[in-house]
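Visitor:
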Amino acid sequence: MALTFYCGSGSPFAWRVWLALEAKQVPYELKMISFSDGDHKKPEFLALNPRHRVPVIVDDGFVLYESAAIVEYLDEQFATGAKLFPGDAKQRARVRRLVREVDDYFTAAGDPLLEAVLFTKRENWNAEHIGSARSKLAHEAAKWEAGLAGDYLEGNAMTAADLALYPQVALSLRMDIRKPDLDVAGIYGPKLHAWKKHVEALPYYEKTIPPHWKQKG
52 MALTFYCGSG
62 SPFAWRVWLA
72 LEAKQVPYEL
82 KMISFSDGDH
92 KKPEFLALNP
102 RHRVPVIVDD
112 GFVLYESAAI
122 VEYLDEQFAT
132 GAKLFPGDAK
142 QRARVRRLVR
152 EVDDYFTAAG
162 DPLLEAVLFT
172 KRENWNAEHI
182 GSARSKLAHE
192 AAKWEAGLAG
202 DYLEGNAMTA
212 ADLALYPQVA
222 LSLRMDIRKP
232 DLDVAGIYGP
242 KLHAWKKHVE
252 ALPYYEKTIP
262 PHWKQKG
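Under the numbering used here, the first residue of the sequence shown is numbered 52, with each subsequent residue one higher.
1) Give the straight-line distance between the Cα atoms of A159 and L54, rounded to the nearest whole angstrom.
2) CA-CA distance, Q142 and V235?
3) Does F96 come out as helix, strand or coil in the three-state DSSP assignment?
4) Go to Y57, then tell me how far its alpha helix (DSSP H) extends in each direction, as first and last residue.
5) Return the CA-CA distance between W195 and K242, expressed in angstroms with no decimal places.
6) Around the Cβ of A167, are there at least 16 other Cβ atoms within 10 angstroms (buried) or fewer (exposed)?
7) Taking the alpha carbon of D245 as the reference point, which residue from A98, F96, N207 and E80 has its own alpha carbon closest?
8) Any beta carbon from chain D within less than 9 Å of A119's own beta carbon?
9) Helix, strand or coil: which one does DSSP assign to M83?
10) For G237, count the other beta carbons within 10 Å of its own beta carbon; 16 or more makes it buried, fewer makes it exposed. Which is it?
11) Once you ignore the five residues that flank H263 on each side, which residues in its own chain have a CB closer than 7 Å to its CB?
12) Secondary structure at E191, three-state DSSP: helix, strand or coil?
13) Can you check the region 98-148 for any beta strand (DSSP E) of at least 3 residues that lies completely inside it and give the ranges in chain order?
14) Does the count of Cβ pairs from the region 204-218 and the region 146-153 closer than 8 Å reach three?
15) On the premise that A71 lies in contact with V105, defined as a C-beta separation below 8 Å, what is that separation, rounded to the nearest angstrom?
16) Between the C-alpha atoms of Y239 and S223, what's the straight-line distance to the nearest angstrom?
17) In the DSSP assignment, what are the bridge partners of G206?
18) When the Cα of D154 is compared with those of A133, E117 and T259, which residue comes out closest?
19) On the DSSP letters alone, give me the boundaries of the alpha helix (DSSP H) that S223 sits inside.
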């Protein structure tokens with residue numbers, strides 16, 4: 052029986068799991084829930100995740116939520132496809148550290164800018180708040196730029212760390228569509244831009260792009 056994957060279009064955490072499922076070549080049934088219709092608050096979904104968030108997977112009756120935990124489960128449970136936590140104990144620890152840095156630092160640095168631009172009506176935009184939030188994300192992005200030494204975050208092979216960071220970067224760049232003079236793309240240095248292209252060259256990447264992004268650009 053194929054694994055069931057509950058996803059929400061545009062969620063960077065769900066996107067992480069979608070990329071991992073494809074990287075691991077795990078058969079799955081995609082269930083795309085609608086935030087606008089309140090699918091994540093309906094009783095049948097709350098029975099799977101009482102925190103009413105995506106992603107969620109159901110694998111032969113085993114229910115799991117929280118994207119980082121799901122990615123680790125997929126890597127341990129399925130021997131197919133790419134190894135998302137490769138190498139020896141030290142390398143795997145570095146990958147886990149990078150994943151935590153994405154979740155604890157990069158995401159936290161980007162959230163204020165998302166709130167100030169994407170989730171605030173134009174007429175309520177505050178230039179000072181937006182500028183401050185952009186500077187915070189730029190400061191964090193500089194740390195990742197300085198740490199890149201290969202095609203991917205942990206050398207020259209794609210790992211769970213890349214699948215964690217990429218959706219957050221891609222989401223931040225959506226703000227340039229809403230506010231072009233913000234120039235979020237300018238926050239990222241040449242190494243991060245090259246890294247982004249490597250992720251986007253993965254053969255399954257196009258399949259996982261959030262559906263509403265394809266429709267609206």
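Even glycine gets a Cβ: it sits at the ideal position worked out from N, Cα and C. Because the structure is a prediction, the values reported are computed rather than measured.
Guide: Quick look at the numbers:
1) A159 and L54 have their alpha carbons spaced roughly 31 Å apart.
2) Answer to the nearest angstrom: the Cα atoms are 31 Å apart.
3) Correct three-state label for F96: helix.
4) That residue, Y57, is in no alpha helix (DSSP H); its beta strand (DSSP E) goes L54 to G59.
5) Inter-residue distance for W195 and K242 is about 9 Å (C-alpha atoms, whole angstroms).
6) When all chains shown are included, A167 counts as buried.
7) The sequence as given places Ala at residue 245; Asp does not occur at that position. Residue N207 is the option with its Cα nearest to A245.
8) Of the protein chains in this structure there is only one, and it is not chain D.
9) The answer is strand: DSSP assigns M83 an E or B state.
10) With a 10 Å radius around the Cβ and a threshold of 16 neighbouring Cβ atoms, G237 comes out exposed.
11) Once the five neighbours on either side are set aside, the close Cβ partners of H263 are S60 and G61.
12) It is helical.
13) Within the region 98-148, the complete beta strand (DSSP E) runs of at least 3 residues are 107-110 and 113-116.
14) With the cut-off at 8 Å, the region 204-218 and the region 146-153 touch.
15) V105 to A71, Cβ: 14 Å. No contact.
16) Computed Cα separation, rounded: 11 Å.
17) The secondary-structure analysis by DSSP pairs G206 across a beta bridge with Y203.
18) Relative to D154, the option among A133, E117 and T259 whose CA is nearest is E117.
19) Counting along the chain, the alpha helix (DSSP H) containing S223 begins and ends at A211 to L224.
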